[in-house]
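One structure is given below, encoded as structure tokens.
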Amino acid sequence: MKAKTRNHFSDIADVWNNKTWVKSDEFSNEIINFASFNRNDVLLYLGIGTEDLAKKLPVKTVCGIDLSAKMLSKCKNIPRHNLLVGSAEKTPYLDETFNVTMSRNLLKHCEVPEKALKEMYRVLKPGGKVFIIESCVLVEEDKDPPNFCVRTVEPYHPSFQTHNEILSLITSAGFNLHKHKVYTFRSRWLSNWIKASKASDKIHNMVLDFYKEAPKGFIKRQEVRFIDNDIESNIFWSLIIAEK
Ligand SMILES: C[S@@+](CC[C@H](N)C(=O)[O-])C[C@H]1O[C@@H](n2cnc3c(N)ncnc32)[C@H](O)[C@@H]1O
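Residue numbering for the sequence shown follows the working numbering, starting at 8 and increasing by one per position.
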């Protein structure tokens, strides 16, 4: 699965920032305000991807690791950065190196997300913070539509999780929860997602049809609207800060 994930992200690295949530300043500002980063923070960002979020982080140093060299090659404007191609589950850093570690939508791409969290725990200094940002669903029964959508381009993609499931993963890795919330990001996303995934018109129509048949509860919670052959809806995000 790891090789497939790497190849997928390498294939789409040049169009990745078409995703509405990647390019959104509103979302980046929400993240920065929630985290209250410190200008002296030395931060490790696992699954850093491109520079879209990383370059905005108000910290002293950003160390970034990603499976895909192609995604990393888009990181050109991050001040004081240090980038490595590698796996989130096993990094070359010594124990207790960083005062902050973070990831955004990394855990849902890991076969065993606990391993990435344990690695974050290992490299954090005592009292250091982990900041997990992960798209989630509000209730178990809302997993099918987003799973269907991502699995049209990544058939091996693990399932979306609820906010509570993500919280449990983090505490199971040994962290103490500091603060957390579910943030709602609303956008008209399907056409942009198709571009960012290099997916076909056929997939566009398959996703549209699947969402049109989605259960009423899902449509209501996500406030799904079909506009001009596109989908506008809420995307829910777990923002979680925990302490070592
Ligand atoms: C959904 S993208 C998110 C990128 C970036 N964090 C953002 O929010 O724009 C996931 C990123 O994690 C990387 N990735 C996936 N699995 C990984 C792993 N096991 N170790 C390191 N990076 C991984 C992918 O190559 C990709 O760049």
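Ideal Cβ positions, reconstructed from N, Cα and C, are used throughout, including at glycine.
Since the model is a prediction, treat every value here as computed from it, not as a measurement.
T68 carries a strand assignment under DSSP once its states are collapsed to helix, strand and coil. Between the stretch 95-113 and the stretch 36-49 there are three or more C-beta pairs closer than 8 Å, enough to call the two in contact. Beta-carbon to beta-carbon, D59 and K83 are separated by about 11 Å, too far to satisfy the 8 Å threshold. Ligand 1 has no heavy atom closer than 8 Å to the beta-carbon of N36.
For P165, the secondary structure class from DSSP, reduced to helix, strand or coil, is coil. Of all alpha-carbon atoms in E250, N24, S17, the one lying nearest the alpha-carbon of G134 is that of E250. Burial is judged here by how many other beta carbons sit within 10 angstroms of a residue's own beta carbon; D73 has at least 16 and is buried. If you look at L176, you'll find it in the alpha helix (DSSP H) that goes 170-179. Counting along the chain, the unbroken alpha helix (DSSP H) around N14 starts and ends at 9-19.
Judged by DSSP secondary structure, V92 falls within the beta strand (DSSP E) whose first and last residues are 88-92. The beta carbon of K11 is closer than 8 Å to those of E161, Y163 in its chain, skipping five residues each way along the sequence. For the pair T57 and W28, the CB atoms are not nearer than the 9 Å cut-off. Each residue's CA atom was taken as its position, placing L131 and V146 some 31 Å apart. Of the candidates N199, L101, K223, G93, K223 places its Cα closest to the Cα of D149. In the three-state scheme derived from DSSP, where H, G and I count as helix and E and B as strand, D48 is classed as coil.
Short of 8 Å from the beta carbon of N112, and not among the five residues preceding or following it, lie these beta carbons of its own chain, in chain order: G54, I140, E141, S142. Rounded to whole angstroms, the separation of the alpha carbons of P120 and L114 is 5 Å. In the DSSP assignment, V22 falls outside any alpha helix (DSSP H) and carries neither an H nor an E. Relative to ligand 1, even the nearest heavy atom lies 8 Å or more away from the CB of W200.
By the 16-neighbour rule on beta-carbons within 10 angstroms, P152 is buried.
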